[in-house]
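Here the structure is laid out as structure tokens; the discussion comes afterwards.
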Amino acid sequence: MIRELPQLACSPGLQEFRHEDTVQQAHTGRPKMDRTLESLRHIIAQVLPHRDPALVFKDLNVVSMLQEFWESKQQQRAAFPSEGVVVYESLPSPGPPFVSYVTLPGGSCFGNFQCCLSRAEARRDAAKVALINSLFNELPSRRITKEFIMESVQEAVASTSGTLDDADDPSTSIGAYHYMLESNMGKTMLEFQELMTIFQLLHWNGSLKALRETKCSRQEVISYYSQYSLDEKMRSHMALDWIMKEKESPGILSQELRMALRELEEARKAGQELRFYKEKKEILSLALTQIYSDPDTSSPSDDQLSLTALCGYH
Numbered sequence: 001m002i003r004e005l006p007q008l009a010c011s012p013g014l015q016e017f018r019h020e021d022t023v024q025q026a027h028t029g030r031p032k033m034d035r036t037l038e039s040l041r042h043i044i045a046q047v048l049p050h051r052d053p054a055l056v057f058k059d060l061n062v063v064s065m066l067q068e069f070w071e072s073k074q075q076q077r078a079a080f081p082s083e084g085v086v087v088y089e090s091l092p093s094p095g096p097p098f099v100s101y102v103t104l105p106g107g108s109c110f111g112n113f114q115c116c117l118s119r120a121e122a123r124r125d126a127a128k129v130a131l132i133n134s135l136f137n138e139l140p141s142r143r144i145t146k147e148f149i150m151e152s153v154q155e156a157v158a159s160t161s162g163t164l165d166d167a168d169d170p171s172t173s174i175g176a177y178h179y180m181l182e183s184n185m186g187k188t189m190l191e192f193q194e195l196m197t198i199f200q201l202l203h204w205n206g207s208l209k210a211l212r213e214t215k216c217s218r219q220e221v222i223s224y225y226s227q228y229s230l231d232e233k234m235r236s237h238m239a240l241d242w243i244m245k246e247k248e249s250p251g252i253l254s255q256e257l258r259m260a261l262r263e264l265e266e267a268r269k270a271g272q273e274l275r276f277y278k279e280k281k282e283i284l285s286l287a288l289t290q291i292y293s294d295p296d297t298s299s300p301s302d303d304q305l306s307l308t309a310l311c312g313y314h
């Protein structure tokens with residue numbers, strides 16, 4: 001039986017550094033946070049040498065700093081060379097509170113966690129959360145190493161009903177997670193995030209179960225999807241899966257969408273990485289739009305639904 005893939009904790013230090021007053025507390029009795037803050041300042045000095053590290057998180061121009069950070073990263077190391085720059089999205093709203101999302105090169109997504117009275121304030125707040133996560137991503141502890149994999153697998157086992165023995169069995173979710181981490185050795189967590197999100201979505205919409213029934217190994221599935229990004233084609237394919245589910249169980253789309261919206265809001269207010277929750281909302285909304293705009297929308301055949309030979313998306 002396929003168990004849920006372990007959730008990827010993208011930024012364990014975010015809760016400690018979201019508020020300026022909490023950062024100040026780091027100087028007065030929290031040695032670990034103090035060392036982390038010093039590491040962040042060192043990164044800022046390297047990537048943004050003309051900025052004052054002590055003022056970065058208080059600067060109202062954090063939007064331009066986030067843009068500058070990623071432009072500098074792309075120039076220095078060709079990070080995410082195929083991706084564009086930072087992209088913002090503001091949710092339509094007649095009045096406050098306003099919500100803004102920011103998507104980074106590589107696909108990670110963050111939003112404003114505070115109650116914002118203007119779109120500009122929401123944009124700045126989202127940029128601040130994204131900048132903090134971008135800086136954390138530069139810490140050595142955020143790069144996938146053998147030690148990191150061991151700790152991550154242990155955490156995954158503790159948060160699920162699996163065992164450490166499952167790590168060597170690629171047919172289990174723990175084993176698949178272990179294999180995915182090993183296949184991405186040397187990458188940072190933000191670079192690994194998109195692949196993890198793809199597999200969370202494949203599990204969520206039932207594709208992993210369908211692939212297992214076609215005798216595809218987890219290694220084959222991971223190798224295949226590692227070649228692709230989460231784009232409109234993949235969203236459309238997953239939307240078709242949900243259109244078929246709606247025809248089998250009327251009302252499931254609306255139910256799932258309500259749940260996805262609630263999860264997205266809770267994750268945003270907690271300052272978490274949002275890509276998985278946001279993609280769920282986008283896929284379900286796309287499926288509902290297609291159903292109501294064209295009631296006769298054709299659904300994929302059983303062979304297509306099972307993604308036989310991994311060709312459904314391709």
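Under UniProt numbering, the first residue of the sequence shown carries the number 1, and numbering increases by one thereafter. Backbone N, C-alpha and C define an ideal beta-carbon position, used for all residues, glycine too. Note that the coordinates shown come from a computational prediction; the quantities given were computed from them, not determined experimentally.
If you draw a straight line from the alpha carbon of residue i to that of residue j, how long is it in whole angstroms?
i	j	result
residue 236	residue 283	7 Å
residue 159	residue 271	20 Å
residue 215	residue 222	14 Å
residue 64	residue 73	14 Å
residue 137	residue 168	28 Å
residue 120	residue 183	40 Å
residue 171	residue 143	25 Å
residue 100	residue 165	42 Å
residue 62	residue 124	6 Å
residue 269	residue 122	12 Å
residue 173	residue 220	14 Å
residue 315	residue 91	The chain is shown from 1 up to 314; residue 315 falls before or after that span and cannot be answered.
residue 225	residue 200	12 Å
residue 89	residue 234	21 Å
residue 242	residue 286	10 Å
residue 155	residue 228	28 Å
residue 146	residue 132	25 Å
residue 75	residue 134	16 Å
residue 118	residue 151	41 Å
residue 106	residue 186	15 Å
residue 259	residue 102	22 Å
residue 163	residue 140	27 Å
residue 189	residue 263	22 Å
residue 210	residue 279	20 Å
residue 249	residue 68	48 Å
residue 161	residue 108	28 Å
Write down the C-beta distance between residue i and residue j rounded to the nearest angstrom, noting that I regard them as a contact closer than 8 Å.
i	j	result
residue 85	residue 70	6 Å
residue 149	residue 104	23 Å between Cβ atoms; not a contact.
residue 208	residue 257	Their Cβ separation, rounded to whole angstroms, is 21 Å, which puts residue 208 and residue 257 out of contact at 8 Å.
residue 66	residue 127	5 Å
Opposite residue i in the DSSP bridges: which residues?
i	result
residue 115	Paired residues: none, contrary to the question.
residue 98	116
residue 143	188
residue 103	87, 109
Suppose contacts are defined by Cβ-Cβ distances below 8 Å. Is residue i in contact with residue j by that definition?
i	j	result
residue 240	residue 198	no
residue 113	residue 130	no
residue 281	residue 253	no
residue 218	residue 175	yes
residue 238	residue 205	yes
residue 94	residue 116	no
residue 178	residue 157	no
residue 232	residue 291	no
*Mind the definition here: the segment 273 to 282 touches the segment 186 to 203 only if three or more C-beta pairs lie below 8 Å; say whether that holds.*
With the cut-off at 8 Å, the segment 273 to 282 and the segment 186 to 203 touch.
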